[in-house]
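Numbering (my numbering), first residue to last: -15 to 375.
We put the CB at the ideal spot given by N, CA and C, even for glycine.
Input: a single structure, listed below in structure tokens.
Dropping the structure here:
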């Protein structure tokens, strides 16, 4: 399992390396506007959608370690090419393909992790979620540091490429270990490379879980983009204070993912996910009204982070319970990307409003997305309640 955790960490680093230096990397390099530079992140959504048929095709013909190694190596090659001065349009085209292979790597690694221990599936997935979020956080910090050290934001693409290539090489080097994990997942009774053949149980409906993934990521985008940039700045908090207040729930979400997965294994993934999601939505809805008191706001954000911790591991466990294999995990990742993109677009669309209207609108947005999250939870609970008997 340790090698899978390491591969998750390495594959997560490139996703965040470029985020803090988008303007330097594209606006300054190719002369595009800052808004156009955001397209580098947006086209990743299209790549995520393309990953669903790609994963299905690959997994019918390749073992899990082969999917990880091939997609990670291709990812690294694409990032290295993007480092070259190929123009902004060419970079976007390659980024779309890179988004697809990145999702395929994610799906293959988390399937291995989830199937490595049928009795403690959510705990293992929570551990993977902790490492994933840690990789994203470290990548974001590392990206800014590298750019300052090297004097060029393009270095983040090379470092990301090295990280992906390392992932691919390690997957090849430890292919025997990764293959044994796959065999343990089904009692080593069938030694087939085909994921679709392994899933001899009838697939279950997955759309409610995809809905949950979309609302989770959408509220996450609103929390970081709207709450941090607009609400807190309008209340007079310094950038350092804003960073600490927004970083608090994200840190707790990362640290708490593995323990939350442990609870999900014992009390049921859907039950744990539903209770946590309702607390999360309620807390998110009241947070905008607590900004005047920093202490109360910090406590509310602490509760928000603890409530958010079970969302990812419990949802991943539910995806694996649908018996849809890597295709289901790829669809889960794509749904989350769609939700995140929607939240960012809404935040950007309202950012041009005049100051007298902006605060009220942004407060309404946070509350509206919190309500959407609660409704999504209720709908998903109703659609998936039969899982309670199974868990």
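Taking the alpha-carbon positions, what's the residue i to residue j distance?
i: residue 50; j: residue 147; result: 17 Å
i: residue 252; j: residue 288; result: 21 Å
i: residue 347; j: residue 278; result: 17 Å
i: residue 285; j: residue 193; result: 25 Å
i: residue 254; j: residue 17; result: 44 Å
i: residue 326; j: residue 25; result: 12 Å
i: residue 275; j: residue 196; result: 28 Å
i: residue 438; j: residue 260; result: Residue 438 lies beyond the stretch modelled for the chain, which goes from -15 to 375, so this question has no answer here.
i: residue 135; j: residue 127; result: 12 Å
i: residue 365; j: residue 107; result: 21 Å
i: residue 11; j: residue 245; result: 41 Å
i: residue 258; j: residue 139; result: 42 Å
i: residue 296; j: residue 241; result: 7 Å
i: residue 82; j: residue 367; result: 34 Å
i: residue -14; j: residue 273; result: 43 Å
i: residue 97; j: residue 67; result: 32 Å
i: residue 248; j: residue 294; result: 8 Å
i: residue 281; j: residue 30; result: 37 Å
i: residue 21; j: residue 3; result: 10 Å
i: residue 357; j: residue 363; result: 10 Å
i: residue 99; j: residue 105; result: 7 Å
i: residue 360; j: residue 307; result: 22 Å
i: residue 202; j: residue 324; result: 4 Å
i: residue 34; j: residue 231; result: 32 Å
i: residue 312; j: residue 7; result: 34 Å
i: residue -12; j: residue 45; result: 21 Å
i: residue 1; j: residue 225; result: 23 Å
i: residue 70; j: residue 56; result: 22 Å
Along the alpha helix (DSSP H) that carries residue i, what are the first and last residues, could you check?
i: residue -13; result: -14 to 1
i: residue 156; result: 139 to 157
i: residue 108; result: 105 to 134
i: residue 40; result: 23 to 43
i: residue 288; result: 278 to 292
i: residue 46; result: Run containing residue 46: none; DSSP gives neither H nor E here.
i: residue 69; result: Neither: residue 69 is in no alpha helix (DSSP H) and is coded neither H nor E.
i: residue 17; result: Careful: residue 17 lies outside any alpha helix (DSSP H) and carries neither H nor E.
i: residue 311; result: 309 to 334
i: residue 299; result: 295 to 305
i: residue 264; result: 253 to 270
i: residue 195; result: 191 to 206
Suppose contacts are defined by Cβ-Cβ distances below 8 Å. Is residue i in contact with residue j by that definition?
i: residue 353; j: residue 206; result: yes
i: residue 143; j: residue 130; result: yes
i: residue 89; j: residue 117; result: no
i: residue 36; j: residue 301; result: no
i: residue 271; j: residue 329; result: no
i: residue 85; j: residue 101; result: no
i: residue -1; j: residue 123; result: yes
i: residue 320; j: residue 200; result: yes
i: residue 27; j: residue 79; result: yes
i: residue 256; j: residue 298; result: yes
i: residue 76; j: residue 23; result: yes
i: residue 162; j: residue 309; result: no
i: residue 64; j: residue 145; result: yes
i: residue 198; j: residue 322; result: yes
i: residue 239; j: residue 151; result: no
Using the rule of at least 16 other Cβ atoms within 10 Å of the residue's Cβ for burial, across every protein chain shown, is residue i buried or exposed?
i: residue 103; result: exposed
i: residue 305; result: buried
i: residue 125; result: exposed
i: residue 74; result: exposed
i: residue 233; result: buried
i: residue 264; result: buried
i: residue 41; result: exposed
i: residue -8; result: buried
i: residue 133; result: exposed
i: residue 355; result: exposed
i: residue 175; result: With a pLDDT of 44 at residue 175, under the threshold of 50, the predicted position of this residue should be treated as unreliable, and no value is reported.
i: residue -4; result: buried
i: residue 15; result: exposed
i: residue 190; result: buried
i: residue 179; result: Confidence in residue 179 is poor, its pLDDT being 49 and thus under 50, which makes the residue's placement too unreliable to answer from.
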